[in-house]
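**Q** One structure, as structure tokens, below. Some questions next.
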Amino acid sequence: MKQQTAGRSVIVLIAVLAISVVSVVYSHCQIPCGIYDDPARFTSMAENLTTIEKSMNQINTLSQEQKPNYNQIVRWVQNK
Numbered sequence: 009m010k011q012q013t014a015g016r017s018v019i020v021l022i023a024v025l026a027i028s029v030v031s032v033v034y035s036h037c038q039i040p041c042g043i044y045d046d047p048a049r050f051t052s053m054a055e056n057l058t059t060i061e062k063s064m065n066q067i068n069t070l071s072q073e074q075k076p077n078y079n080q081i082v083r084w085v086q087n088k
């Protein structure tokens with residue numbers, strides 16, 4: 009009887025450890041922490057910033073024209 013209880017305890021312990029390790033391995037938020045290729049995220053953010061700046065400049069340029077092309081303005085707003 010004691011061997012069965014000890015065997016079950018070992019199985020339960022192994023299961024708990026396995027579940028604990030899996031939850032630690034897969035837990036990651038979207039805040040850059042250096043674990044999951046943060047340089048690529050920063051490169052992507054810099055590209056997004058460049059795109060937004062270009063969109064804002066194009067919107068300003070198109071809006072100042074004598075006859076603004078509203079279709080183009082809408083496209084740049086959607087891009088931004």
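Going by the working numbering, the first residue of the sequence shown is number 9, and it counts up by one from there. Beta carbons: idealized from backbone N, C-alpha and C, even for Gly. These figures come from a predicted structure and were not determined experimentally.
With residue 52 and residue 87 assumed to form a contact (beta carbons below 8 Å), what rounded beta-carbon distance in angstroms separates them?
**A** The sequence position of residue 52 within the sequence shown is 44, counting from 1. The sequence position of residue 87 within the sequence shown is 79, counting from 1. About 16 Å separates the two Cβ atoms, so there is no contact after all.
**Q** Grouping DSSP H, G and I as helix and E and B as strand, with all else coil, what is residue 77?
**A** Indexing the sequence shown from 1 puts residue 77 at position 69. If DSSP states are grouped into helix, strand and coil, residue 77 belongs with coil.
**Q** If distances are taken between C-alpha atoms only, which option among 71, 84, 49 and 16 comes closest to residue 61?
**A** Against the sequence shown, residue 61 aligns to sequence position 53. Ranking 71, 84, 49 and 16 by Cα distance to residue 61 puts 84 first.
**Q** Starting from residue 72 and walking both ways along the alpha helix (DSSP H), at which residues does that stretch end?
**A** Residue 72 sits at position 64 when you count from the first residue of the sequence shown. Counting along the chain, residue 72 falls outside any alpha helix (DSSP H), and DSSP gives it neither H nor E.
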